[in-house]
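Enquirer: Take this structure first; my questions come after.
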Amino acid sequence: MENLITTFGPKHSLEKSGPHSTQYYEKRCYICVICKTWISYESSCFYCRLCDFCFHKECQTALMESNPTIDHPETHEHTLTFIRKKNSFSCDACGLVGEFEINMYGCLPCNFFIHRDCIYLPKIIKLTRHSHRLLHTYHVPDCNTKCRICNGSFVWGCGGYICTDKTCDYKLHSYCATRKATWDGRDLEQELEEISNSDQDVTSLKEVDGKTFRHFSHHHDLMKLCVNGEKEGDERVCEACILPIGSGSFLGCKECDFALHATCANLPRKLEHTFHRHPLTLEVDIIEEGFFSCSQCERESCGFMYRCCQEECEFKMDAKCASLADPLYNGAHQHPLTLLDSGACCYECDLYFDSTRATLPVLVKCNYDMHPLSLCFTQSFIWYKPSLSCDACEKGINPDVQDIYVCFDCNTVVHVECAIGKYPYLKHGHTIELNGFEIEIASNNNISRPICHACHSICQDKLFFRNKKNVTISFCSINCVTTSS
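Using full-length UniProt numbering, the letters of the sequence shown correspond one by one to residues 1 to 485.
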């Protein structure tokens, strides 16, 4: 206890609370002021009456072993001294105020204060969400601008990351730029920037002449075609995202059924994307199982796949997620959305859309209405009807949590899953391998619907899964295939 009092000064009387003690809970001190995490009921902790805070025993031990002073010229020209009490100083590196923490170093003559974690912030970084390198500065110019990730303001006179390109006004908070999900952990100050002089390695689509194109994934030349509203293209699906071609122009093969949306055809072979901190490589040859699960939206797909270039990283992303760009203009929402590592956000409406919702097609065709149905997010249609039920399954719709597809001319309302199915990115007729079986993905459009071999319920979805060696064995979902013996 003598060393402990020495650490925080002679005026601080520290009380020890052992496991299962309710002492610090009664004082409403639940967060360790050193590591900023919750103090569990089983933890040993200390409580300071003078400062009215708690901290883990382990955190205090680590603090005692740390240096009370730090010399780090890249951060500050003078020695930094650890401040042993709670304070309300703004960190000059990140701008945050640490009034409930004990992790600040300072230089009193210069009125310079910095979090312990911010002392070693990287000088130069590269994020996949921006095309240029970013430089850390202790004085963000024009602090009235917003952080391009969280849309928050900058503290005047405090630091952040700015673009190294003088013509670009891209700025980020230090804590937004260096989050684990955003930054790859590399400081590039000592590394020369790689400059590519050619797009040969990243371009997927090349123009042959004025009328034909060549995509690296297909052995025939492609032509720009147009859906005439009735037949051409109506039955085709995009080989990249597996969604129907729909209306408008697309790239199609005259010799076979191969087709690509224009957006999907132009997806690069190498990609840096907001959704992942490492570069990605486009793969068109389906892995041995015949399908994959997108790490971002968690939907199964048998289309094109982006794989992380880092061998130890298992991140995979489908073409639909890869096609999202920042800012994201979604036809189902009136404002542009900011792309985050986990989805998209509208800061004007304070709404969040995860990747599954952000990638939903805006218009779909289905058998329940003669018109295309429009996507309507939950927050947008609460006013539409006080009570809603799906015109396909006749089940109720919860406007707080369920998005829908709507025909405003006919007042048709359909669940998202009823409109596009549970597996919108799997292609009927495609063969996959699951649980040791060769499984054919089949359209569930017959009058008589199969019974699931695993759960013994009727297969209700647009697709079902059939054992190729025994076509009498069917499954209603991938989960039922994997759990069957």
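Just so you know, even glycine gets a beta-carbon here, dropped at the ideal spot from N, CA and C.
Nothing here was measured: the structure is a model prediction, and the numbers come from that model.
Going by the CB atoms, is the gap between residue 246 and residue 373 shorter than 8 Å?
Expert: No, the Cβ-Cβ distance between residue 373 and residue 246 is not below 8 Å.
Enquirer: Just grab the DSSP bridge partners of residue 451 for me.
Expert: 458, per the DSSP bridge assignment.
Enquirer: Can you tell me the Cα-Cα spacing of residue 442 and residue 400, whole angstroms?
Expert: Going by the C-alpha atoms only, they are around 33 Å apart.
Enquirer: Whole angstroms are fine: how far does the CA of residue 107 sit from the CA of residue 89?
Expert: Approximately 12 Å, taken between the alpha carbons.
Enquirer: Who are the Cβ neighbours of residue 76 in its own chain at under 8 Å, not counting the five residues just before and after it?
Expert: Once the five neighbours on either side are set aside, the close Cβ partners of residue 76 are 107, 110, 112 and 114.
Enquirer: If distances are taken between C-alpha atoms only, which option among 334, 358 and 329 comes closest to residue 342?
Expert: Measuring from the Cα of residue 342, the nearest candidate turns out to be 358.
Enquirer: What does the Cβ neighbour count give for residue 149, buried or exposed, with the cut at 16 atoms within 10 Å?
Expert: The residue is buried, with at least 16 neighbouring Cβ atoms inside 10 Å.
Enquirer: Looking at C-alpha atoms only, which residue of 397, 184, 84 and 144 is the closest neighbour of residue 116?
Expert: The shortest C-alpha separation from residue 116 is found at 84.
Enquirer: Restricting to Cα atoms, I'd like to know which of 420, 329, 134 and 319 is closest to residue 367.
Expert: Here the closest residue by C-alpha is 420.
Enquirer: Roughly how many angstroms lie between the CA atoms of residue 266 and residue 214, to the nearest whole one?
Expert: Approximately 11 Å, taken between the alpha carbons.
Enquirer: Put residue 481 into one of helix, strand or coil per three-state DSSP.
Expert: Note: residue 481 maps to helix in three-state DSSP.
Enquirer: Just mark residue 242 as buried or exposed, buried being the case when its beta carbon has 16 or more other beta carbons within 10 Å.
Expert: Its Cβ being crowded by 16 or more others within 10 Å, residue 242 is buried.
Enquirer: Roughly how many whole angstroms lie between the Cα atoms of residue 412 and residue 319?
Expert: Distance between the alpha carbons of residue 412 and residue 319 is about 30 Å.
Enquirer: Can you list, in chain order, the residues of its chain whose CB lies under 7 Å from that of residue 309, leaving out five sequence neighbours each side?
Expert: So the list reads 278, 279, 280 and 281, once near-sequence residues are dropped.
Enquirer: Assign residue 416 to one of three DSSP states: helix, strand, or coil.
Expert: Looking at residue 416 - three-state DSSP - the assignment turns out to be helix.
Enquirer: Which stretch, first to last residue, makes up the beta strand (DSSP E) that contains residue 356?
Expert: Note, residue 356: premise wrong, no beta strand (DSSP E); alpha helix (DSSP H) at 355-358.
Enquirer: Which value, in whole angstroms, describes the spacing of the CA atoms of residue 167 and residue 257?
Expert: Cα-Cα distance, rounded: 46 Å.
Enquirer: State yes or no: is the C-beta of residue 292 within less than 8 Å of the C-beta of residue 316?
Expert: Cβ atoms of residue 292 and residue 316: closer than 8 Å.
Enquirer: Nearest-angstrom Cα distance between residue 39 and residue 104?
Expert: Taking the straight line joining both Cα atoms gives about 21 Å.
Enquirer: For the region 455-465 against the region 473-480, do three or more pairs of beta-carbon atoms, one drawn from each stretch, fall closer than 8 Å, so that the two count as touching?
Expert: Yes: at least three Cβ pairs fall under 8 Å.
Enquirer: If you drop the 5 nearest sequence neighbours on each side, which residues of the same chain put their C-beta closer than 7 Å to that of residue 347?
Expert: Answer for residue 347: 151 and 338, listed in chain order.
Enquirer: Which of the three DSSP states is assigned to residue 309 in this structure?
Expert: In the structure shown, residue 309 sits in coil (DSSP, three-state: anything other than H, G, I, E or B).
Enquirer: Give me whichever residues DSSP pairs with residue 438 in a beta bridge.
Expert: Answer is 433, bridged to residue 438.
Enquirer: Please report the straight-line C-alpha distance between residue 288 and residue 467, rounded to a whole angstrom.
Expert: So the alpha carbons of these two residues sit roughly 17 Å apart.
Enquirer: By Cβ distance below 6 Å, which residues in the same chain neighbour residue 489 in space, the five residues on each side in sequence not counted?
Expert: This structure cannot speak to residue 489, because the chain is shown only from 1 to 485.
Enquirer: Looking at the unbroken alpha helix (DSSP H) that takes in residue 344, where does it start and where does it end?
Expert: Note, residue 344: premise wrong, no alpha helix (DSSP H); beta strand (DSSP E) at 343-346.
Enquirer: Quick one: residues in its chain with C-beta nearer than 8 Å to the C-beta of residue 93, no 5 flanking neighbours on either side, listed in chain order?
Expert: Cβ neighbours of residue 93 beyond the five flanking positions: 75, 114, 115, 118, 119, 121, 136, 138, 158, 159 and 174.
Enquirer: Which residues bound the beta strand (DSSP E) around residue 212?
Expert: Where residue 212 is concerned, the enclosing beta strand (DSSP E) stretches over 212-215.
Enquirer: Taking just the CA atoms, how far does residue 322 sit from residue 96?
Expert: One C-alpha to the other measures close to 33 Å.
Enquirer: Can residue 33 and residue 46 be called in contact, C-beta distance under 8 Å?
Expert: In this structure, residue 46 does not lie closer than 8 Å to residue 33 by Cβ.
Enquirer: With a threshold of 16 other CB atoms inside 10 Å of the CB of residue 425, please say whether the residue is buried or exposed.
Expert: The residue in question, residue 425, is buried, as its Cβ has 16 or more Cβ neighbours within 10 Å.
Enquirer: Pull up the distance between the alpha-carbon of residue 260 and that of residue 204, whole angstroms please.
Expert: Approximately 12 Å between the Cα atoms of the pair.
Enquirer: Rounded to whole angstroms, what's the CA-CA distance from residue 340 to residue 314? Just pull it up for me.
Expert: Straight-line Cα distance between these residues: approximately 20 Å.
Enquirer: Under 8 Å, do residue 169 and residue 132 count as touching if we go by C-beta distance?
Expert: It is not a contact, given that the beta carbons lie outside the stated cut-off.
Enquirer: Use the C-beta contact count for residue 72: other C-beta atoms within 10 angstroms, 16 or more gives buried, fewer gives exposed.
Expert: Exposed is the call here.
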